[in-house]
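*Asks:*
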Amino acid sequence: MSEQIIADAAPGQSAEPAHKAGGIGTTVGKAAVTVSKTIGRYRWTICGLLFFSTTINYMDRQVLGLLKSTLMGDMGWTESDFGDIVAAFSLAYAFGYIGCGRLMDKIGIRIGLPAAVAGWSFFACIHALMGSVLGFKVARAGLGLTEGGNFPASIKAVSEWFPAKERALATGVFNAGSNVGAVVAPILVPILLVAYGWQAAFLVTGGIGFFWVIAWLLIYRKPEEHPKLTAEELAYIRSDPVLPQENIPWIKLLSYRGTWANIVGTCFSAPVWWFYLNWVPGFLNKQYGVNLFGAMLPLIIIYTMADFGSVGGGWFSSHLIKRGVKPLRARKLTFLVCGLCVLPVFFASTVSNMWVAVLLIGIAASAHQGYSANVYTIVSDTMPRNAVGSVVGIGGFCAYFVGMFVSMGVGRLLDATNGNYQVLFGIASVLYLVGLAIMHFILPKTGSGMTPAGIEV
Numbered sequence: 002m003s004e005q006i007i008a009d010a011a012p013g014q015s016a017e018p019a020h021k022a023g024g025i026g027t028t029v030g031k032a033a034v035t036v037s038k039t040i041g042r043y044r045w046t047i048c049g050l051l052f053f054s055t056t057i058n059y060m061d062r063q064v065l066g067l068l069k070s071t072l073m074g075d076m077g078w079t080e081s082d083f084g085d086i087v088a089a090f091s092l093a094y095a096f097g098y099i100g101c102g103r104l105m106d107k108i109g110i111r112i113g114l115p116a117a118v119a120g121w122s123f124f125a126c127i128h129a130l131m132g133s134v135l136g137f138k139v140a141r142a143g144l145g146l147t148e149g150g151n152f153p154a155s156i157k158a159v160s161e162w163f164p165a166k167e168r169a170l171a172t173g174v175f176n177a178g179s180n181v182g183a184v185v186a187p188i189l190v191p192i193l194l195v196a197y198g199w200q201a202a203f204l205v206t207g208g209i210g211f212f213w214v215i216a217w218l219l220i221y222r223k224p225e226e227h228p229k230l231t232a233e234e235l236a237y238i239r240s241d242p243v244l245p246q247e248n249i250p251w252i253k254l255l256s257y258r259g260t261w262a263n264i265v266g267t268c269f270s271a272p273v274w275w276f277y278l279n280w281v282p283g284f285l286n287k288q289y290g291v292n293l294f295g296a297m298l299p300l301i302i303i304y305t306m307a308d309f310g311s312v313g314g315g316w317f318s319s320h321l322i323k324r325g326v327k328p329l330r331a332r333k334l335t336f337l338v339c340g341l342c343v344l345p346v347f348f349a350s351t352v353s354n355m356w357v358a359v360l361l362i363g364i365a366a367s368a369h370q371g372y373s374a375n376v377y378t379i380v381s382d383t384m385p386r387n388a389v390g391s392v393v394g395i396g397g398f399c400a401y402f403v404g405m406f407v408s409m410g411v412g413r414l415l416d417a418t419n420g421n422y423q424v425l426f427g428i429a430s431v432l433y434l435v436g437l438a439i440m441h442f443i444l445p446k447t448g449s450g451m452t453p454a455g456i457e458v
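Using our numbering, read the sequence shown as starting at 2 and increasing by one per residue.
1. Hey, Leu361 and Pro345 are a contact pair by Cβ (cut 8 Å); roughly how many whole angstroms apart?
2. Distance check for Thr351 and Leu414, CA to CA, integer angstroms please.
3. By how many angstroms is the C-alpha of Ile443 removed from the C-alpha of Gln5?
4. Going along the chain, which unbroken runs of the alpha helix (DSSP H) with 4 or more residues stay wholly within the region 355-404?
5. So what does Thr260 bridge to, in DSSP terms?
6. Which term fits Met440, buried or exposed, when burial requires 16 or more other beta carbons within 10 angstroms of its beta carbon?
7. DSSP puts Thr56 in a beta bridge; with which residues?
8. If you draw a straight line from the C-alpha of Val64 to the C-alpha of Leu135, how long is it?
9. Just list the alpha helix (DSSP H) runs in the region 105-183, keeping only unbroken ones of 4 residues or longer that don't cross its boundaries, in chain order.
10. In three-state terms, what does DSSP make of Ser351?
11. Going straight from the alpha carbon of Lys157 to that of Met105, what length do you get?
12. On a Cα-Cα basis, can you pick out the residue from Ala388, Lys229, Gly74 and Asn375 that is closest to Leu437?
13. Go ahead and pull the three-state DSSP assignment for Thr79.
14. Counting along the chain, where does the alpha helix (DSSP H) carrying Ile249 start and finish?
15. Mind checking which residues open and close the alpha helix (DSSP H) that includes His320?
16. Can you tell me the Cα-Cα spacing of His128 and Phe137, whole angstroms?
17. Between Pro187, Trp162, Gly394 and Ala88, which has its C-alpha nearest Glu226's C-alpha?
18. Going by the CB atoms, is the gap between Gly394 and Cys101 shorter than 8 Å?
19. DSSP on Gly24, reduced to helix/strand/coil?
20. Would you call the region 49-62 and the region 247-260 touching, i.e. three or more CB-CB distances under 8 Å?
21. My understanding is that Ala368 touches Cys339, with C-beta atoms under 8 Å, so please give their C-beta distance in whole angstroms.
22. Distance check for Asn151 and Ala117, CA to CA, integer angstroms please.
23. What would DSSP say about Thr1, mapped onto helix, strand or coil?
24. DSSP three-state label for Thr46, please.
25. Can you find at least 3 beta carbon pairs, one from the region 310-323 and one from the region 173-191, that sit closer than 8 Å?
26. Consult DSSP for Thr71 and reduce its assignment to one of helix, strand or coil.
27. Out of Ile364, Cys268 and Lys323, state which residue places its alpha-carbon closest to the alpha-carbon of Pro299.
28. Go through its chain and collect everything with a Cβ distance to Ile25's Cβ below 7 Å, but skip five positions before and after it.
29. So which of Ile209, Lys166 and Leu68 has the shortest CA-CA distance to Trp280?
30. Is Thr335 helix, strand or coil by DSSP?
31. Could you tell me which of Ile301, Asn58, Gly77 and Val87 sits nearest to Phe406, measuring between CA atoms?
32. Buried or exposed for Val184, please, with buried defined as at least 16 other CB atoms from any protein chain shown within 10 angstroms of its CB.
33. Using only the alpha-carbon positions, how far apart do Glu167 and Pro228 sit?
34. Using DSSP's beta-bridge definition, name the partner residues of Thr418.
35. Evaluate contact between the region 140-148 and the region 105-114, counting only Cβ atoms and requiring at least three cross-stretch pairs below 8 Å.
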């Protein structure tokens with residue numbers, strides 16, 4: 002379905018590359034004529050690249066959780082050991098998030114994002130060389146530090162390549178890569194484990210990222226510099242109000258409501274997602290006695306459902322905006338729907354039928370992804386464009402610093418309760434609505450004017 006914009010252009014002027022177009026809305030002489038132009042869709046190619054980097058990101062980080070039972074058996078780990086290894090990733094990811102967020106704002110995403118992907122691909126591969134808890138902590142820390150660059154860079158790319166009314170959908174699309182990665186990993190890892198051993202699972206999945214780096218460097222440019230982007234599509238991308246850009250110090254970012262809303266939204270959702278990624282395979286093994294091959298289909302179902310939630314959550318808030326709902330109100334309504342959908346996961350550990358548990362976790366995972374897509378979009382709705390990467394980085398730092406303690410606590414709780422997951426699913430079921438309640442009081446009230454991003458509240 003084609004989209005239309007109104008642009009100033011000379012009669013009969015054809016679409017040409019943006020870097021030759023001379024700006025948004027070209028005026029020829031003194032008598033410009035307003036005409037309707039069909040815009041292109043090249044921005045979605047960029048979104049596709051972000052989708053694949055996110056797919057690789059999550060595939061690499063999920064391998065450890067899938068191999069949990071194998072590694073615990075081979076190396077004699079306890080649940081606390083495994084929790085501490087996950088915590089090492091969380092702590093490093095927190096610093097990677099905040100550091101890479103600022104770095105992306107400084108050096109740009111054309112170089113910054115492929116550097117991050119190459120870094121985490123290297124650290125994913127070296128897991129194969131480790132043989133102790135300490136060794137895995139080092140490998141996980143390196144992986145976390147470099148994987149922290151993906152989301153700040155991707156959110157920044159969306160803010161540069163999409164107008165406000167499409168950002169939640171674009172975020173949902175690339176964020177769906179996290180679920181595709183979580184689907185691909187349970188298919189690849191068991192096959193590699195049986196055929197070549199657990200080391201091959203880390204080497205093969207880690208090596209894929211290097212191919213993505215090559216593709217990105219060949220394809221990506223800034224919108225204004227891209228030879229395949231038409232003037233009409235560039236005008237559509239830049240159709241939001243243009244505000245003066247300033248270099249905002251980190252400490253000043255803490256005075257913005259959007260920064261604190263992102264911190265709260267991420268802190269109350271991201272640790273739950275990590276719990277699903279790292280402990281659901283073990284939960285299925287403990288609760289229902291399924292091995293890695295037996296867990297393949299349940300995990301594929303869970304993360305396929307999450308895929309629909311990621312795109313659906315982005316589509317829902319974008320749909321509301323196109324129907325006239327103010328952007329921040331649309332985000333809040335989406336948060337509410339997603340938060341309500343998470344509540345039934347409370348019963349996941351109490352049902353006797355595995356497929357009922359899979360359905361409950363799948364619904365919760367789907368709702369999480371819809372929720373998180375809009376948490377990220379809140380940043381581009383409320384912050385100046387040149388601060389987006391930094392703010393996403395601050396939110397991620399806080400969430401994954403908290404996630405370090407959550408991971409350590411999960412391991413120790415499971416050791417203390419002999420693998421009882423009921424308390425964990427109970428906590429996970431309510432955190433999203435608590436986060437929404439706090440964000441509601443932080444975000445600007447409807448009718449209070451414009452956000453620093455130029456979005457009407």
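The beta-carbon is built from N, C-alpha and C at its ideal position, and this holds for glycine as well.
*Replies:* Taking the coordinates as given:
1. Between the beta-carbon of Leu361 and that of Pro345 there is about 5 Å, and that keeps the pair under the 8 Å contact cut.
2. Rounded to the nearest angstrom, the gap between the Cα atoms of Leu414 and Thr351 is 17 Å.
3. Its pLDDT being 31, under 50, Gln5 is placed unreliably by the model, and the measurement read from it follows with that caveat. Put simply, the backbone Cα of Gln5 is about 35 Å away from that of Ile443.
4. You should have 355-383.
5. According to DSSP, which records beta bridges pairwise, Thr260 is partnered with nothing at all.
6. So Met440 ends up on the buried side.
7. Bridge partners of Thr56: none, in fact.
8. Distance between the alpha carbons of Val64 and Leu135 is about 18 Å.
9. Correct list: 110-127, 134-148, 151-162 and 165-176.
10. The identity of residue 351 in the sequence shown is Thr, whereas the question assumes Ser. Three-state DSSP puts Thr351 in coil, outside helix and strand.
11. The C-alpha of Lys157 lies about 8 Å from the C-alpha of Met105.
12. When each option's Cα is compared against that of Leu437, the closest is Asn375.
13. In the three-state DSSP reduction, Thr79 falls in the coil class, being neither helix nor strand.
14. It is not in any alpha helix (DSSP H) - Ile249 carries neither H nor E in the DSSP assignment.
15. That run of the alpha helix (DSSP H) goes Leu293 to Lys323.
16. Separation of His128 and Phe137 (C-alpha to C-alpha, rounded to the nearest whole angstrom) is 6 Å.
17. Comparing alpha-carbon positions, the option among Pro187, Trp162, Gly394 and Ala88 lying closest to Glu226 turns out to be Trp162.
18. Yes, the Cβ-Cβ distance between Cys101 and Gly394 is below 8 Å.
19. Because the pLDDT of Gly24 is 41, which lies under 50, any placement of that residue in the model is unreliable, and the number read from its coordinates should be weighed accordingly. Three-state result, Gly24: coil.
20. The region 49-62 vs the region 247-260: no contact.
21. Contact annotation, Ala368 with Cys339: C-beta distance approximately 4 Å; criterion of less than 8 Å satisfied.
22. One alpha carbon belongs to Ala117, the other to Asn151, and they sit about 7 Å apart.
23. It is not possible to answer for residue 1, since the shown part of the chain is limited to 2 through 458.
24. In the three-state DSSP reduction, Thr46 falls in the helix class (H, G or I).
25. Yes, they touch.
26. Thr71 falls in the helix class under three-state DSSP.
27. When each option's Cα is compared against that of Pro299, the closest is Ile364.
28. Note that Ile25 scores a pLDDT of 36, beneath 50, so its modelled location is shaky and nothing firm can be said.
29. Among Ile209, Lys166 and Leu68, the Cα nearest to that of Trp280 is on Leu68.
30. In the structure shown, Thr335 falls within a helical segment according to DSSP collapsed to helix, strand and coil.
31. Of Ile301, Asn58, Gly77 and Val87, the residue nearest in Cα terms is Val87.
32. By the Cβ neighbour-count rule, Val184 is buried, with 16 or more other Cβ atoms within 10 Å of its own.
33. If I take the Cα positions, the gap works out to 22 Å.
34. Under DSSP, Thr418 forms no beta bridge with any residue.
35. At 8 Å Cβ cutoff, the stretches do not touch.
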